[in-house]
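Have a look at the structure below, then the notes.
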C-alpha cells in the first residue's frame, strides 16, 4: 500500500488526544491512538528520558505495515504524543520494520531491528539493520549490519537484542533451524558495526517449539537470565495455555562455549490470557524493567476495540528482582504516583462476603493480604454487573488459582489456571483499567495479564469466601488517574 507522510500520521496522532475516548480506552496502560500495537522495542533510558519504541501498524488493526512508533516519558505519568520512528520503505525493510533492541554507546542511542522483505517468489528475506538517534530526535537508518543467514537455519531470523560484556557487544536473535526447531543465535562485535556469527546458544531445551522470538538477556545478582518467546509448545493443565508463550531460564552463560547452564525449568512470565514478546532494559537507577505486549499473535478477531480503530496495549512497566532463585515482577514504584484517592481501607477483619460500592469505574488498584482461616476458597469478581463479570478464584486446599472470563459478553472466553503456593496467606495486587487488567500474586512470584471489554455499567467489585470466613489482614483500593500525553 502507499503510505502517508510520517508527518501526516504524527498530526493524526496529535489530533486523537483532543477527542473523547471510547469506553475501552485505558487510563494508565499505553495504547496506540489508532491502529495496531504489538511488541515493545528498543527500550532504553537516554538523556533523562525513557524511550519506549513499539511495533505499530498505523493503517489498521492487522499485522501488516509494521512501523516503529516512539513515546517518551520522564516519570511514566506524563508521556509524549506517539510518533513514527521507523517507516518500512527501504530495500532492506520495505515489508516491515520488525522488532529489535537498543544500546547507548559514546552518548548515542543506537537501535537494531529486523528488516522484513518478501522476495519475488514470496520468500522471506531478513536483514538485521541499524539506526541511530540524531540530535533532532529522529532515527536515522544506517542499513543492514547482517545481510545473510547463518548456515543450517531458515529465514525465520529476527528480533536482535544487544548487550555488552567484558568489552565486547553481543547480539542475540531468534531463529529456526532447518529441522524446524526454535533456537537463538549470537553474533559478536567490538564496535556495533561489524558483526561476526559467534554460534548457537546451547541450552537444555533441544525440542521446545518451532520458533523462538523476542529474546532478551540480562544479569541480576550474578545470574544470567535468558528471556524468550517460544512458539509451538504443547498445552498442559497448569501451564502453556496460550497459543504462544513467553518465559525465562536462570543460570550462567559461558561466553567461550555459549553453553547456558540453567538452574530452573522454563518458567512463564505471565499466567494470564494476553501477554507476549516482553523486552527488558536497565535504567539509570540500575533497575531491570520489563514491558510486554498485552496481546497475542493470531487473536485479533476477539478484540472488540477493532470496531473503534485500535487494538492491543502494553503492560505497565515491571521491575524484575531475583529472590531465592525465583524471578519476581512488580510494578515500578512510579505507578504509585498515578494513584488517586484511597477509597477503601480495611484491616484485621473476618468476612465471608464483601461488595465495594466505592468503586465507580474500571480504573483502580486493589491491594489485598488475606489469611485463610476456615475458608476453602476465595472468589473475587471484577468488571461485574447483572450481565457479566470476570472471576479470580483461589483454592486454598489445592493451592490452585483460576481466572475465568467465560461470563463476559464481549471478547474471547476461557479460563486460565495455575499453581500458586500460599501456605494459607494470599497476597494480591490487582490493577484494573478500562480494558486491561494486571494481577500480581505473592509479591510478584506470579503475574496474570488480560484484556477485557466490559459493558459500560460493568465495574463492580466483590469478594466472597466459601466454607467459612477469611481474615483480611489489609485491603486497600485506590482510584487510578489518567496518564497525560503532550507535545
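Residue numbers (the UniProt record's numbering): 1 to 487. Just so you know, even glycine gets a beta-carbon here, dropped at the ideal spot from N, CA and C.
I want to check one thing, is the minimum distance from the CB of residue 361 to the heavy atoms of the ligand GTP below 8 Å? Absent from the structure shown: the ligand GTP. Ligands present: none.
Determine the direct distance from the alpha carbon of residue 28 to that of residue 78, and round the result to whole angstroms.
-> As a position in the chain shown, residue 78 is number 78, starting the count at 1. As a position in the chain shown, residue 28 is number 28, starting the count at 1. Between residue 78 and residue 28, the C-alpha separation is close to 10 Å.
So, helix, strand or coil for residue 183, using DSSP? Position 183 of the chain shown, counting from 1, holds the residue named residue 183. Residue 183 falls in the strand class under three-state DSSP.
Check your understanding: Could you give the residue range of the beta strand (DSSP E) that holds residue 70?
Key -> In the chain shown, counting from the first residue as 1, residue 70 sits at position 70. Where residue 70 is concerned, the enclosing beta strand (DSSP E) stretches over 67-73.
Residue range of the unbroken beta strand (DSSP E) whose run includes residue 248: Numbered from its first residue, the chain shown carries residue 248 at position 248. For residue 248, the enclosing beta strand (DSSP E) covers residues 247-254.
Review point. If you run the structure through DSSP and keep just helix, strand and coil, what is residue 369?
Key: Against the chain shown, residue 369 aligns to sequence position 369. Residue 369: strand per DSSP, three-state reduction.
| said: Just to confirm my understanding: we take residue 429, look at its own chain, exclude 5 residues before and 5 after, and list those with CB closer than 6 Å. What are they? | reply: Position 429 of the chain shown holds residue 429. For residue 429, where only same-chain residues beyond five positions count, the Cβ hits under 6 Å are 367, 440.
Following the continuous beta strand (DSSP E) through residue 446, name the residue where it begins and the one where it ends. Within the chain shown, numbered from 1, the residue matching residue 446 stands at position 446. Residues 446-451.
Q) For residue 130, does the count of other Cβ atoms within 10 angstroms reach 16, so buried, or fall short, so exposed? A) In the chain shown, the residue the question calls residue 130 occupies position 130. The residue is buried, with at least 16 neighbouring Cβ atoms inside 10 Å.
- Going by alpha carbons, who is nearest to residue 410 out of 393, 383, 431? Working through the chain shown from its first residue, we reach residue 410 at position 410. Comparing Cα-Cα distances from residue 410 to each of 393, 383, 431, the minimum goes to 383.
query = What span of residues does the alpha helix (DSSP H) with residue 6 cover, start to end?
reply = Start at 1 with the first residue of the chain shown, and residue 6 comes out as number 6. Looking at the DSSP string, the run of the alpha helix (DSSP H) that includes residue 6 is 6-16.
Kindly provide the ranges of any alpha helix (DSSP H) runs that are 4 or more residues long and lie completely inside the region 64-122, ordered along the chain. none
For residue 337, the three-state DSSP class (helix, strand or coil)
If you number the chain shown from 1, residue 337 lands on position 337. In this structure, residue 337 counts as helix in the three-state DSSP scheme.
- Query: In angstroms, rounded to a whole number, what distance separates the CA positions of residue 455 and residue 386?
  - Reply: Position 455 of the chain shown, counting from 1, holds the residue named residue 455. Position 386 of the chain shown, counting from 1, holds the residue named residue 386. Each residue's Cα considered, the two are about 11 Å apart.
Exercise for the section: Measuring alpha carbon to alpha carbon, tell me which of 381, 133, 76, 254 ends up nearest residue 461. Expected result: Looking up residue 461 in the chain shown gives position 461. Closest by alpha carbon: 381.
Open item on the list: I'd like to confirm the pairing. Which residues does DSSP put opposite residue 201 in its beta bridges?
Closed with: Translated into positions along the chain shown, residue 201 becomes position 201. The partner list for residue 201 (beta bridge, DSSP) is empty, contrary to what the question assumes.
Practice item. Mind reading off the beta-carbon distance from residue 143 to residue 116? Whole number of angstroms is fine, and I expect it under 8 Å. Key: Taking the first residue of the chain shown as position 1, residue 143 is located at position 143. Taking the first residue of the chain shown as position 1, residue 116 is located at position 116. Residue 143 to residue 116, Cβ: 15 Å. No contact.
Quick one, which of 156, 107, 42 has its alpha-carbon nearest residue 113's?
Within the chain shown, the letter at position 113 stands for residue 113. Of all alpha-carbon atoms in 156, 107, 42, the one lying nearest the alpha-carbon of residue 113 is that of 42.
Original post:
Hey, residue 249 and residue 186 are a contact pair by Cβ (cut 8 Å); roughly how many whole angstroms apart?
Top reply: In the chain shown, the residue the question calls residue 249 occupies position 249. In the chain shown, the residue the question calls residue 186 occupies position 186. So it is not a contact: roughly 15 Å between Cβ atoms.
Whole-angstrom distance between residue 204 and residue 251, CA atom to CA atom = Counting from 1 along the chain shown, the entry for residue 251 is found at position 251. Counting from 1 along the chain shown, the entry for residue 204 is found at position 204. Rounded to whole angstroms, residue 251 to residue 204 spans 11 Å at the Cα level.
request  = State yes or no: is the C-beta of residue 184 within less than 9 Å of the C-beta of residue 215?
outcome  = By one-based count along the chain shown, residue 184 stands at place 184. By one-based count along the chain shown, residue 215 stands at place 215. Contact: yes.
- prompt: Alpha carbon to alpha carbon, how far is residue 181 from residue 464?
  reply: Position 181 of the chain shown, counted from the first residue, corresponds to residue 181. Position 464 of the chain shown, counted from the first residue, corresponds to residue 464. Within the model, the alpha-carbon separation for residue 181 versus residue 464 is close to 46 Å.
| query | For residue 263, which three-state DSSP category applies? | reply | Counting from 1 along the chain shown, the entry for residue 263 is found at position 263. Coil, per DSSP.
Based on Cα-Cα distance, which residue from 253, 317, 207, 487 lies nearest to residue 223?
Counted from its first residue, the chain shown places residue 223 at position 223. Minimum Cα distance to residue 223 is reached at 253.
| query | Under the three-state reduction of DSSP, which class applies to residue 304: helix, strand or coil? | reply | Position 304 of the chain shown, counted from the start, is the residue given in the question as residue 304. Here residue 304 sits in helix by DSSP.
* If we ignore side chains and look at the alpha-carbon of each, how far apart do residue 217 and residue 13 end up? -> The residue labelled residue 217 in the question sits at position 217 within the chain shown. The residue labelled residue 13 in the question sits at position 13 within the chain shown. Using only the alpha carbons, I get a separation of about 33 Å.
Original post:
From this set, 136, 33, 125, 317, which residue's C-alpha is nearest residue 175's C-alpha?
Top reply: Counting from 1 along the chain shown, the entry for residue 175 is found at position 175. That would be 125, whose Cα lies nearest to the Cα of residue 175.
message: Please state the DSSP three-state secondary structure of residue 329.
response: Taking the chain shown and counting its residues from 1, one reaches residue 329 at position 329. Three-state DSSP puts residue 329 in a strand.
The beta strand (DSSP E) with residue 399 in it runs from where to where? Within the chain shown, numbered from 1, the residue matching residue 399 stands at position 399. Note, residue 399: premise wrong, no beta strand (DSSP E); not H, not E.
* Whose C-beta lies closer than 7 Å to the C-beta of residue 369 among residues of the same chain, with five residues either side of it excluded? -> On the chain shown, residue 369 is found 369 positions in, with the first residue counted as 1. For residue 369, where only same-chain residues beyond five positions count, the Cβ hits under 7 Å are 427, 473, 474.
Can you name the start and end residues of the beta strand (DSSP E) that residue 138 belongs to?
By one-based count along the chain shown, residue 138 stands at place 138. Element bounds for residue 138: n/a, residue is neither H nor E.
Q) Are the beta-carbon atoms of residue 412 and residue 273 separated by less than 9 Å? A) Your numbering for residue 412 matches position 412 in the chain shown. Your numbering for residue 273 matches position 273 in the chain shown. Taking a C-beta distance under 9 Å as the contact criterion, residue 412 and residue 273 qualify as a contact pair.
Between the CA atoms of residue 221 and residue 156 - distance to the nearest angstrom:
Within the chain shown, the letter at position 156 stands for residue 156. Within the chain shown, the letter at position 221 stands for residue 221. Distance between the alpha carbons of residue 156 and residue 221 is about 33 Å.
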